[in-house]
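Here this note's numbering is used: position 38 in the sequence shown is 286, and no number is missing along the way.
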Amino acid sequence: MSDLMSIIKGRRSIRRFENRPIPEKDLQQILEAVQWSPSWANTQCWEIVVVKNREMKERVNEALSSTNPARKGLPDAPVVLALCGKVGSSGYYKGEASTKLGDWLMFDLGLAAQSLCLAAHSLGLGTVIVGSLDHDKAKEVLGVGEGYQLVALIPVGYPAKDSAAPKRREIAEFTHYEKF
Ligand SMILES: Cc1cc2nc3c(=O)[nH]c(=O)nc-3n(C[C@H](O)[C@H](O)[C@H](O)COP(=O)(O)O)c2cc1C
């Protein structure tokens, strides 16, 4: 298997972290992976809040419901990245949506999130994309301004517990040749 395929297939959502810092150069490399992600017309609408302070991590964690499986471990991660995006930028031309799909912010942030998680995994670090939360609450805690959406929280750290790979659909089940 190529290195890339083993990184793609080997990445798992990690929900428990060791309470120890990650090297600053690793964090920079993870942010570089976001920097070089593709985006609509290279709009690069992403903004990232890096949260290391324990109290801030705990406050932002309050935005997750008590049943969110990421909630127990999130504050232990040495770094929590809040992935935010500028509204009305990706997919827009001269202030008008270019396609019927409107804002492509979610798409671009999704690509950035995958780059981020794969880069972290390649460095031996675990991540989980946390999208199920009270977004307004998290925005307020982190002071995310008007005109920006906070889309996901991504804790990053050394995995304390491995996760098994959830089953995937067969390729033949989702691939359509020539017509849907
Ligand atoms: C957009 C998005 C939102 C997610 N939100 C959460 C979440 O709120 N809590 C959580 O524990 N996992 C969350 N996940 C992780 C998924 O549950 C996980 O990716 C999926 O089960 C596949 O497992 P794997 O990442 O180990 O391959 C989210 C993943 C994505 C892509």
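Where a beta carbon is used, it is the ideal one built from N, C-alpha and C, also for glycine.
Taking 4 residues as the minimum length, the alpha helix (DSSP H) runs contained wholly in the region 373-427 are 383-390 and 419-422, in order along the chain.
Secondary structure of E266 (DSSP, three-state): coil. Taking 7 Å as the cut-off, the C-beta of N316 counts as close to a heavy atom of ligand 1.
DSSP, reduced to helix, strand and coil, places V328 within a strand of the structure shown. By a beta-carbon distance limit of 8 Å, L252 does not contact V298. Their separation comes to about 26 Å. Closer than 7 Å to some heavy atom of ligand 1: that describes the Cβ of S411. Residue burial is scored here from C-beta neighbours: H369 has at least 16 other C-beta atoms within 10 angstroms and is therefore classed as buried. Taking a 10 Å sphere around the C-beta of W284, we find fewer than 16 other C-beta atoms and assign the residue as exposed. No Cβ-Cβ contact shorter than 8 Å links I419 with L364. In this structure, the straight-line span from the alpha carbon of S380 to that of K320 is close to 14 Å. Note that the region 391-410 touches the region 323-337; at least 3 beta-carbon pairs, one per stretch, sit closer than 8 Å. Secondary structure of S261 (DSSP, three-state): strand. Its Cα nearest to that of P286, the residue A361 stands out among A361, G393, R417 and R302. For R260, the distance from the CB to the nearest heavy atom of ligand 1 is below 7 Å. Proximity to I296 across P414, Y396, K427 and S261 peaks at Y396, based on C-alpha coordinates. Scanning V392, E394, T375 and E388 for the CA closest to the CA of D410 turns up T375.
K334 carries a strand assignment under DSSP once its states are collapsed to helix, strand and coil.
Looking at Y425, E388, L357 and L371, the one whose alpha-carbon comes closest to that of L331 is L357. In chain order, D324 place their CB closer than 6 Å to the CB of N267, counting only its own chain and leaving out the 5 sequence neighbours on each side.
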